[in-house]
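Q: Start counting the sequence shown at 7; every next residue gets the next number (the numbering used here). Here it is: the structure, laid out below.
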Amino acid sequence: MKIERAEVIVTSPNRNFVTLKLTTDDGLTGLGDATVNGRELAVVSYLTDHVVPLLLGLDAHRIEDTWQFLYRSAYWRRGPITMAAIAAVDMALWDLKGKAAGLPVYQFLGGASRSGMMAYGHASGKELPELFDSIREHQELGYRSIRVQPGVPGLKAIYGVASNTGLAGNEGVRYDHEPAQRGVMPMLEDWDTRAYLRHVPTVFEAIRAEFGAELPLLHDGHHRMTPLQAAAFGRSLEPYDLFWLEDCTPAENQEALRLVRQHTTTPLAIGEVFNTIWDFQALIKEQLIDYVRAASTHFGGISPLKKVMDYAAQYQIKSGCHGPTDISPVGFAAQLHVGLAIHNFGIQEYMQHGARTNATFEQSMTFVDGFLHPGERPGLGVELDVDEAGKYPYVTAYLPYNRLADGTVHDW
Ligand code: EZ4
Ligand code: CO
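As structure tokens, then:
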């Protein structure tokens with residue numbers, strides 16, 4: 007099973023996706039996701055200019071060797087562009103192995119450890135009534151766990167609060183524009199940490215009063231607090247029993263979590279912008295987090311994702327893979343196979359893709375009563391309709407950013 011052809015396909019059905027398609031000499035095809043939101047074309051170049059020429063003629067069964075070859079021969083370590091490119095190759099090779107053997111990928115990772123994976127969706131609303139409606143809409147879609155992002159008084163636009171109405175499936179309107187805005191410049195949002203820290207606990211108090219104690223609730227701090235602010239915030243949320251507080255401090259300074267951890271028992275999740283197991287090394291060994299947020303696509307693929315989850319398992323730390331719409335259906339399927347197999351599965355983020363994306367990427371994955379399953383089709387269970395993909399060329403699209411009241415750029 008030798009790699010005979012490698013194509014990089016860019017399509018923007020509801021948003022931009024970069025997909026690697028490998029074809030072998032026996033006619034099998036494998037898919038991998040290399041989408042880096044807002045920097046897509048850099049990965050296209052990395053793949054077409056520097057990776058595709060190295061793949062032709064390689065034995066497609068040698069997944070680990072190919073991964074190590076691409077990682078170590080590049081010499082320059084880590085980084086989102088490199089690791090997304092390697093991820094796409096890794097996923098495509100797992101897809102091929104599964105198809106060659108007639109088995110879904112999870113069977114190679116140890117087989118199923120559960121019958122389905124609990125997913126959480128993104129409820130949001132500027133004011134409480136809209137937020138409550140959004141929570142109810144998600145419950146009607148089957149979600150049993152819900153991330154909550156409220157507006158903050160005095161702030162016009164902030165991360166995580168959908169500006170559009172209409173739920174996913176209905177062209178994915180609400181999610182497509184949140185957070186990626188289409189346009190030639192990043193959209194400007196505003197920020198005030200003190201207002202946020204005062205307001206959000208009152209929102210969780212209201213949600214608990216309305217929806218009761220059982221419903222698992224999550225919240226994403228999106229890298230915007232200092233360690234001391236995050237420590238105080240985590241403590242102020244303790245009465246509302248969060249499933250997790252995500253990305254409370256910027257990811258670059260992982261030592262910040264030591265301070266946060268000393269002050270709060272609110273569970274912590276981090277890592278959607280991490281690229282390698284090294285970014286988690288101290289966080290896992292010192293038990294500074296409770297959930298690993300790595301995404302297959304940004305973490306070098308299935309192979310390293312399985313390794314970091316096995317490492318985390320030694321410390322009772324669980325998975326909580328990043329699953330926004332900027333992970334393509336291929337990357338999403340890849341982490342569903344890992345999640346089904348590992349013992350320490352925690353939860354899976356699931357922002358639903360839009361109708362055009364689902365028509366472009368045909369998927370065996372199911373979402374029933376709040377639980378995800380990758381399906382039983384050999385490989386990853388995703389096929390790309392190249393004719394459909396060809397209808398939607400790349401669209402320039404940046405993530406938003408924010409500034410404080412005095413104009414200073416802040417973490418978004
Ligand atoms: O902002 O995927 O938890 N989810 C998130 C996402 C990220 C986007 C960035 O591309 O933080 O919404
Ligand atoms: Co996040």
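Glycine included, every Cβ here is placed at the ideal spot set by N, Cα and C.
If I'm right that Gly131 touches Val190 with Cβ under 8 Å, what's the distance once you round it to whole angstroms?
A: Position 125 of the sequence shown, counting from 1, holds the residue named residue 131. Position 184 of the sequence shown, counting from 1, holds the residue named residue 190. That belief does not hold up - the Cβ atoms of Gly131 and Val190 are roughly 29 Å apart, past 8 Å.
Q: Three-state secondary structure (DSSP) at Glu278?
A: By 1-based counting over the sequence shown, the position of residue 278 is 272. Coil.
Q: Using a Cβ-Cβ cutoff of less than 7 Å, which residues in the same chain neighbour Pro192 once the five nearest sequence positions on both sides are dropped?
A: Position 186 of the sequence shown, counting from 1, holds the residue named residue 192. Here the set comprises Tyr404, Leu405, Pro406 and Tyr407.
Q: Heavy atom of ligand 2 less than 7 Å from the Cβ of His228, yes or no?
A: For the purposes of this step, residue 228 is taken as residue 222 along the sequence shown, with counting starting at 1. Result yes, Cβ under 7 Å from ligand 2.
Q: Do the CB positions of Met97 and Val336 come within less than 8 Å of each other?
A: Stepping through the sequence shown from its first residue, residue 97 is reached at position 91. Stepping through the sequence shown from its first residue, residue 336 is reached at position 330. Yes. Within cutoff.
Q: Which complete alpha helix (DSSP H) runs does the segment 284-345 hold, if anything under 4 residues is left out?
A: Counting only runs of 4 or more, we get 287-291 and 308-319.
Q: Within 7 Å: the Cβ of Asp253 and any heavy atom of ligand 4?
A: Within the structure as shown, ligand 4 is missing, the only ligands being ligand 1 and ligand 2.
Q: For Leu173, count neighbouring C-beta atoms within 10 Å of its own C-beta (all shown protein chains included) and say buried if the count is 16 or more, exposed if not.
A: The residue you call residue 173 lines up with position 167 of the sequence shown. Unreliable placement is indicated for Leu173, whose pLDDT of 47 sits below 50; the coordinate value is still reported in the next sentence. Its Cβ being crowded by 16 or more others within 10 Å, Leu173 is buried.
Q: In terms of alpha-carbon separation, which member of Ile15, Asp285 and Thr331 lies closest to Pro86?
A: The residue given as residue 86 occupies position 80 in the sequence shown. Measuring from the Cα of Pro86, the nearest candidate turns out to be Asp285.
Q: Check whether the segment 204-217 touches the segment 155-167, taking contact to mean three or more Cβ pairs, one atom from each stretch, closer than 8 Å.
A: Yes, since at least three Cβ pairs between the segment 204-217 and the segment 155-167 fall closer than 8 Å, the two stretches touch.
Q: Return the first residue and the last residue of the alpha helix (DSSP H) that Arg241 is part of.
A: Taking the first residue of the sequence shown as position 1, residue 241 is located at position 235. From DSSP, the alpha helix (DSSP H) with Arg241 extends over Pro233 to Leu243.
Q: Please determine whether the Cβ atom of Glu278 lies at a distance below 7 Å from any heavy atom of ligand 2.
A: The residue labelled residue 278 in the question sits at position 272 within the sequence shown. Yes, Cβ of Glu278 sits closer than 7 Å to a heavy atom of ligand 2.
Q: So Met97 is in the alpha helix (DSSP H); what residue range does that whole segment cover?
A: Counting from one through the sequence shown, the residue named residue 97 turns up at place 91. Where Met97 is concerned, the enclosing alpha helix (DSSP H) stretches over Pro86 to Ala107.
Q: Which same chain residues, not among the five before or five after Ile141, have their C-beta less than 6 Å away from its C-beta?
A: Here residue 141 corresponds to residue number 135 of the sequence shown, with the count starting at 1. Hits under 6 Å: Ala129 and Ile152.
Q: Would you call the CB atoms of Trp73 and Ser309 closer than 8 Å?
A: One-based indexing of the sequence shown puts residue 73 at position 67. One-based indexing of the sequence shown puts residue 309 at position 303. Yes, these two residues count as a Cβ contact at 8 Å.
Q: Take Asn176 and list the residues in its own chain whose beta-carbon comes closer than 6 Å to its own, dropping the five residues that flank it on each side.
A: Residue mapping note: residue 176 aligns to position 170 of the sequence shown, counting from 1. The pLDDT assigned to Asn176 is 43, lower than 50, so where the model puts this residue is not dependable; a value taken from the coordinates is nonetheless given after this. Taken in chain order, the list of residues that qualify is empty.
Q: Would you call the segment 87-106 in contact with the segment 53-67, where contact means no fewer than 3 C-beta pairs closer than 8 Å?
A: The segment 87-106 is in contact with the segment 53-67.
Q: Measuring CA to CA, which of Asn281, Met123 and Asp247 is closest to Leu274?
A: Working through the sequence shown from its first residue, we reach residue 274 at position 268. Nearest C-alpha to Leu274: Asp247.
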